[in-house]
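Notes follow once the structure below has been shown.
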Amino acid sequence: MCHGRFSTLSYITFCLLFFISESHASWWGAFLNSGEEVAKLAKKASVVTGRAVLKTLPKSRQGAHALEISGSEVRAIDIAGREIVIATMSTGAAMTLTPQGTALLKQVELIVSEIDINRLENIVRDAIKASGKPAFVVSETGTVGRLVVRATPTGETLLMEKYPGIFIRIGEHSGELSWALERPFQNDKIRVVSLMDPSDADELARLDKAVGEYHIPAGSNTPSEAVHQIRSQREKIVFIVGHVEKDKFIVRDSAGQIKSEISFSELEDAAEKADASLFLLGCSAAACSTTSAFIDPVNALRVADGLKDAISRATLGDALSALSTAGDLVVSSKVVHSARVMLFAEQKALLVDKRIESSYRVLKLTTVGRERAEELADRIVPYIPSWVQYPYFAGAFFLIFSARSIVREWKSFRTPAPAFARNPIISTLVKGIRILGFAVLMPLAVCLNLAIILGAWVVGTVPLFMTLGWTSLVPAYFGWKWSRHFAEEANGEPWTVRYLGIPLFVGVIGILVAILMSPIELFRGIEYADLQTRLIYWIVSGSTSMLISAFALRFLTRRNSNWNPADIPGLVIAGALLLIEFCVSRVLHKGDTADD
Amino acid sequence: MTDTAILSIQSIVDLLNRRKPDALTRLQSEYPSYKSALEPGKKLGDDSLPSSQMLQDLAQQTIAVAKEEGLATSQRIQRRFRMSARLRLAGAVVSSLSSAGIIAALTQGSTRAALVSGCIAFGSSCFTLVAQYVEDYAGGQQSLKDLRERVATHTTCIWEVEAELKLMVALNESGGIEELVRKLNVAVAAIRQAQLAVP
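Which chain is which? The protein sequence lines are A and B, in order. Under the UniProt record's numbering, the residue at position 400 of the first sequence is numbered 400, and the numbers go up by one with no gaps. Under the UniProt record's numbering, the residue at position 51 of the second sequence is numbered 51, and the numbers go up by one with no gaps.
In structure tokens:
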């Protein structure tokens, strides 16, 4: 014991002495730095290299060379594995091209690994300009993207294709951009501001059709009004569609006369103040802006089609990929800041929901008084029977606590209504159907939802425990197992919903077993039977319950099965929303036909 | 603000694409260097300036279709006017009948009949409101009357352009073709705008 204490003490003393001198500290520093280098090399070894991609190229492109950094040399490797040193690096990371390198870069296609692209940026950019041949980048996951050189406000810049059709500027934090692009994309967060003259009627109509009420025509507004409109789009994803000349959006009428002009910088400032993500959708807008924009010339109709496709996508990256069918897009790192602000706002909204939910739990202890409900019914809608009114008012009361989350979920999947200015009748009808449908159906759906939960627990447990007795514990155990199987998906739900599997199992299996037992003469009048007969009854009914429950559980929890008991109450709400959206789709469909 | 007016042919190209796509394809193959300018849909950036010969061909191909389009839009607006007038008349007739019904019901002392007549009168006055809305708003920013006048003006303008173009061809002069095409583009754009405002 004493020896052990001594050795620990001496070990600590040795370590302190080891760190105390400067020479030892520098030795440790060097050791840790070399550790970082080793980590970098290990990372590099794990990524797919250009060399590996060379082997997958078709015959027509087999002249391509992969560039790799090896120590202080940059090497070009051909498909046969021959290596040529094309540049050497000095200590300040400056590169000097070798004569063979200069000659080679004028002739061949290049493939570079993403991990090396920052250091090889100048070489690759000059090579693309000199040879006019394409260059490619291999990401860490092995996907191959294009490398292009385009004019930007900071001069000619190398752009790297991160996702199909989506480019980023070399040197921007691609990891953070990837995070922002993989964030969920809610279509109610987008706004499409068109800076076009009303005489561009086809384009405006196509945009209206593509994004409906999310389209804000601002072509007739003064520049300050348009800027104010952008300023009011807090935490939104704002796409500005318009005709670009140099670093301005210019609105021209059908005679070609300028009606108004707004510079990119004014719009960027407004978007920054509103914490909005800005996308400039005009020809080659990326050449004069550091914001996300199109790289090459684009057509307004294709942009509208791209936006239509984009709003139904799940992530921002997917949405931008859909939009890039109109033309290649460069995405700026500014979207990262907006994504962070949006995430913060979403979390804040969730917190508010949770607070409301906890007050709901307190209020759940009380219920709507029958007399009060009758009084309300008599006073407000005299001709509707009370059996509709009671659930309606009870549902409406409980809806106060869940309306916010239901509406948020609804907004995320519903089709946008057409713009009022374009199609006022259809727009009013759509909004009217939604408001009326929600007001009429949702209280009833919420009440039915509560009735299912409460009914399952009461009907599925109390009477069966009284008739079947201890045997009911068998299906209850299997019901618990069923709920546990989907525990992760039901996380966050109240326990009455999370463990809904228990009363459902007890109810269904219990009734089934009671029916199976009823023809057996011995078990008739079991309540008054002697202990021996009761024991036999419990054993037989328990074994039957176990057998049926085991089979049922196996069926319900088989692989790829989605029979989650906690989903059952949610189906009623979803059903009501889908019914409303079905009615809306009929109206929208008719509106489309009329437009066509 | 820069004062340079560029020549836009977008509305003309869009019209040809909608109504005579074959003619547009022919023009695209005849003038391959202006293929981008002859593609439907607004280009959101600078475009090349078309040649006089191409503009003349484009105008000749478009004028007949543009006249038809103007006429059809004018007729459509006229139909909308008729519908609105009928709606207003029907609303007024039903409203007066049901008002008479209210008086009759009240003299007979039947409150239920008076209530029904009152509801009908209310419904018919809503019809009048709809008719008013159709006439004054017409699904766009202008009233039907304004739209009718505008379409008539621009259809006349197309006739003028046709006459001037014929004269230009006869004199073998192409000096003013750009101005002529500009006028045609403005007229076609205005007619299309009216057409979309009255679906």
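Glycine residues also receive a C-beta, built at the ideal position from the N, C-alpha and C atoms.
Problem set entry | Every unbroken beta strand (DSSP E) within the stretch 77–128 of chain A, with a cutoff of 3 residues, ordered by chain | 83–89, 95–97 and 110–113
For this session: Please check if any C-beta of chain A sits within less than 7 Å of the C-beta of K20 of chain B.
Result: no
For this session: Indicate whether at least one CB of chain A lies closer than 7 Å to the CB of L44 of chain B.
Result: yes
Exercise. Comparing alpha-carbon positions, which option in A:T96, A:P443, A:R434 and A:I426 lies nearest F401 of chain A?
Worked result: A:P443
Problem set entry | Per-residue contacts from N118 of chain A into chain B (C-beta, under 8 Å) | Those do not exist, as N118 of chain A stays about 31 Å from chain B at its closest Cβ, beyond 8 Å.
Problem set entry | First through last residue of the beta strand (DSSP E) which encompasses K43 of chain B | Taken as a continuous stretch (DSSP letters only), K43 of chain B belongs to no beta strand (DSSP E), as it is neither H nor E.
Exercise. Which residue or residues does DSSP assign as beta-bridge partners of M442 of chain A?
Worked result: According to DSSP, which records beta bridges pairwise, M442 of chain A is partnered with nothing at all.
Exercise. Along chain A, in chain order, which residues have C-beta atoms closer than 9 Å to that of residue 212 of chain B?
Worked result: The displayed coordinates of chain B run from 1 to 199. Any statement about residue 212 of chain B would go beyond what the structure contains.
Exercise. Is the distance from the Cβ of F249 of chain A to the Cβ of G242 of chain A below 7 Å?
Worked result: yes
Exercise. For the stretch 69–94 of chain B, which residues have a beta carbon sitting closer than 7 Å to at least one beta carbon of chain A?
Worked result: none
Problem set entry | Sequence ranges, alpha helix (DSSP H) only - wholly within the stretch 279–335 of chain A, length at least 4 | 300–310 and 316–323
Problem set entry | Assigned exposure category for I573 of chain A - 16 Cβ within 10 Å defines buried | buried
Exercise. Distance, Cα to Cα, A114 of chain B vs A121 of chain B?
Worked result: 10 Å
Problem set entry | Residue environment, M83 of chain B, which counts as buried when at least 16 other CB atoms sit within 10 Å | exposed
Exercise. Which residue from B:S36, B:A72, B:T128 and B:R182 puts its Cα closest to that of L89 of chain B?
Worked result: B:T128
Exercise. What beta strand (DSSP E) runs, 3 residues minimum, are completely inside the stretch 238–267 of chain A?
Worked result: 248–252 and 258–263
Problem set entry | Candidates B:L171, B:N172 and B:V161, of which the one nearest E179 of chain B by Cα | B:V161
Exercise. Going along chain A, which residues have a C-beta under 9 Å from L196 of chain B?
Worked result: A201, D202, L204, A205, R422 and D595
For this session: Tell me where the beta strand (DSSP E) around P217 of chain A begins and ends.
Result: H215 to P217
Exercise. Are there three or more Cβ pairs, one per stretch, closer than 8 Å when the stretch 166–176 of chain A is compared with the stretch 167–183 of chain B?
Worked result: no
For this session: Determine whether the Cβ of A189 of chain B lies closer than 7 Å to any Cβ atom of chain A.
Result: yes
Problem set entry | Opening and closing residue of the alpha helix (DSSP H) in which S29 of chain B lies | P21 to E30
For this session: List the residues of chain A that E39 of chain B touches, going by C-beta distances under 8 Å, in chain order.
Result: N299
Problem set entry | Any C-beta of chain B under 7 Å from that of C583 of chain A | no
Exercise. Which residues, in order along the stretch 144–176 of chain A, keep a beta-carbon less than 9 Å from a beta-carbon of chain B?
Worked result: none
For this session: Quick one: list the residues of chain A neighbouring Q193 of chain B, beta-carbon separation under 8 Å, in chain order.
Result: P198, S199 and A201
For this session: Measuring only between beta-carbons, confirm whether A287 of chain A sits less than 7 Å from chain B.
Result: no
Exercise. Per the contact definition of three or more C-beta pairs closer than 8 Å, is the stretch 148–166 of chain B in contact with the stretch 90–97 of chain B?
Worked result: no
Problem set entry | 4-residue-minimum alpha helix (DSSP H) runs that sit fully inside the stretch 124–189 of chain A, ordered along the chain | 174–181
Problem set entry | Cβ separation of C283 of chain A and K145 of chain B, assumed to be a contact under 8 Å, to the nearest whole Å | Not a contact, Cβ separation roughly 38 Å.
Exercise. In chain A, which residues lie less than 8 Å from residue 224 of chain B when you measure between Cβ atoms?
Worked result: Nothing in the structure corresponds to residue 224 of chain B, since chain B is present only between 1 and 199.
Exercise. Which whole-angstrom value describes the C-beta separation of R414 of chain A and D208 of chain A, a residue pair presumed to lie in contact below a C-beta threshold of 8 Å?
Worked result: The Cβ separation is near 17 Å, so there is no contact.
Exercise. Buried or exposed: H24 of chain A, going by 16 or more other Cβ atoms within 10 Å of its Cβ?
Worked result: The predicted model places H24 of chain A with a pLDDT of 45, which falls under 50 and marks its position as unreliable; any figure quoted below should be read in that light. It counts as exposed.
Exercise. Do V112 of chain A and V137 of chain A have their C-beta atoms within less than 7 Å of each other?
Worked result: yes
For this session: From the DSSP output, in three-state form, read off A197 of chain B for me.
Result: helix
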